[in-house]
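By the working numbering, the letter at position 134 of the sequence shown is numbered 140, and the numbering carries on one by one without gaps.
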Amino acid sequence: MHATVTVSKRGEERVASGHPWIYRTDVAAVTADAGSIVSVRNARGRVLGQALFSDRSQITLRMLTRGESPADRALLRRRLEAAIAFRHRLNVNASAFRLVHGEADLLPSLVVDRYGDYLVLQTLSQGMDALTPTIVELLNELVAPKGILARNDPRARLLEGLEQRVDVLSGDVPPTVPVHELGVRYDVDVWHGQKTGLFLDQRENRAAAAGYATGRLLDCFSYNGGFALALAGHVREAMAFDISEDAVERIGHNATRNGVAIDARVGNVFDELRGLERLRERFDTIVLDPPAFAKTRASVPKAVTGYKEINLRALKLLNPGGTLVTCSCSYHVDEAMLGEILYEAAVDAQIPVSVVEKRMQGRDHPVLLGVPETYYLKCFILRKLA
Ligand code: SAH
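Encoded structure:
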């Protein structure tokens with residue numbers, strides 16, 4: 007029998023709303039194997055579409071198609087082709103960027119990043135994981151990379167009952183891959199680096215920030231130095247902090263490779279900002295790009311306190327006229343909340359601040375309208391007025 011999942015009235019409404027995720031609580035009956043492609047039906051047996059089925063996750067269904075149209079190899083090929091063609095039209099100033107951004111490319115739970123001649127992919131649901139051989143075949147046809155690496159080590163895979171693992175799926179993948187972004191050259195460790203190696207979603211925010219950078223720069227939560235390297239050519243002096251020794255070592259390596267000077271230090275930004283304040287240090291440009299402080303809804307209050315503290319201290323460390331580039335990648339702290347936090351920090355610091363730009367993740371990581379979960383990265387560019 008053809009695999010079928012029957013959804014409740016509420017599940018049917020959710021499908022109609024265009025949201026690709028149907029939760030377990032909206033599922034009435036299942037006749038399907040884990041990770042299979044299923045027909046989604048309403049209580050009267052009408053087919054609403056085809057979906058990826060998970061027997062473990064709270065997200066039971068990830069919709070692939072609407073109505074009767076089949077979710078087959080040809081569909082995957084068309085979706086991949088469209089995603090890739092769109093990225094080429096973006097004309098990004100980088101050889102590393104996202105080719106496929108899951109839900110927003112109608113390929114739920116699939117991530118494909120391009121690093122020069124190589125692809126790095128992640129399959130984050132049972133159903134997408136099961137499609138890996140087809141995806142790899144299609145990517146080889148469409149992109150012909152030298153190698154494809156599966157960075158399937160995100161913890162999210164555990165919710166699907168999938169293993170965390172890293173495998174070469176095709177060709178060979180070297181320990182580091184040379185890429186460039188905004189004129190900066192990187193050797194990326196696609197095997198072990200955070201995410202798939204670089205924070206590709208910040209490329210356009212780095213470019214925007216470079217337009218304001220002057221004087222003395224402080225790059226907090228610097229990782230491999232993404233912001234510091236993009237801004238180094240615009241400032242007199244650059245200092246960067248990250249808590250990871252590995253990351254700071256890479257900032258040094260990247261700075262040398264690009265012929266720029268960055269004073270990169272290992273440190274906890276919360277302590278370092280306090281220390282800099284005590285020493286009465288001042289900066290003209292500050293970047294705050296912390297990890298997601300709110301990974302769950304329950305952790306929002308604590309996250310808000312954290313965001314407020316670093317923004318308050320950064321505002322105090324800025325010279326009048328200086329620029330604060332401040333980000334949050336916590337989906338649970340939305341743009342309005344972040345705006346509120348920044349306002350409270352400004353009030354506490356008694357500093358007048360203007361919002362110069364409100365930004366989000368780069369265009370190669372688009373947001374699917376009506377699916378707030380796909381809008382995770384916020385970036386405000388602020389100016390300290392006095
Ligand atoms: N700005 C970077 C990406 C930052 S990701 C870029 O453009 O590429 C967040 C970074 O914050 C990680 O590298 C992590 O090691 C670091 N980090 C996490 N908590 C920290 C803390 N308390 N102090 C300093 N760095 C921290």
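Glycine included, C-beta positions come from ideal geometry on N, C-alpha and C.
Note that the coordinates shown come from a computational prediction; the quantities given were computed from them, not determined experimentally.
Sequence-distant residues of the same chain with beta carbon closer than 6 Å to residue i, five excluded per side
i: H338; result: A300, R303 and V306
i: G41; result: Q132, G133 and A136
i: P26; result: R68, M69, E109 and P114
i: I249; result: N274
Sequence-distant residues of the same chain with beta carbon closer than 8 Å to residue i, five excluded per side
i: R104; result: R93, V117, V118, D119, R120, L206, D207, G368, D370 and H371
i: V196; result: Y121, Y124, V126, L155, R157, V179, T182, V183, T202 and G203
i: S23; result: G376
i: R171; result: A156, N158 and D159
i: S360; result: L388, R389 and L391
Cβ shell of residue i (< 7 Å), same chain only, five flanking positions each side left out
i: L148; result: L86, E87 and I90
i: L383; result: D207, C333, C335, M366 and Q367
i: L318; result: A351, D354 and A355
i: D111; result: R85 and A89
i: G258; result: A270
i: E18; result: N48 and L54
i: R20; result: I28 and D32
Residue i versus residue j - alpha carbon distance
i: V13; j: D32; result: 6 Å
i: L67; j: V142; result: 23 Å
i: G167; j: L330; result: 41 Å
i: R288; j: S63; result: 48 Å
i: V106; j: R284; result: 46 Å
i: P322; j: G345; result: Residue identity check: residue 322 is Lys in the sequence provided, not Pro. Straight-line Cα distance between these residues: approximately 18 Å.
i: K390; j: K314; result: 16 Å
i: V174; j: L145; result: 14 Å
i: V36; j: A246; result: 52 Å
i: K152; j: A100; result: 18 Å
i: L388; j: Q128; result: 34 Å
i: A267; j: A261; result: 6 Å
i: L164; j: R52; result: 33 Å
Beta-ladder partner(s) of residue i, from DSSP
i: P184; result: D193
i: S334; result: K384
i: H396; result: What is shown of the chain runs 7 to 392, which leaves residue 396 out entirely.
i: N158; result: R171
i: R153; result: A quick correction: the sequence has Gly, not Arg, at residue 153. According to DSSP, which records beta bridges pairwise, G153 is partnered with Y124 and G177.
i: K301; result: Partner(s): none; K301 has no beta bridge.
i: K364; result: F386
i: M245; result: L224 and D269
i: G1; result: The structure shown does not extend to residue 1, since the chain spans only 7 to 392, so no value can be given for it.
heavy atom of ligand 2 below 6 Å from residue i C-beta
i: S250; result: This structure lacks ligand 2; the ligands present are ligand 1.
Any chain C beta carbon closer than 7 Å to residue i
i: V44; result: In the displayed structure, chain C is absent; only one protein chain is listed.
- Message: Assess contact between the segment 219–230 and the segment 182–191, defined as three or more Cβ pairs (one per stretch) separated by less than 8 Å. Is contact present?
- Response: With the cut-off at 8 Å, the segment 219–230 and the segment 182–191 do not touch.
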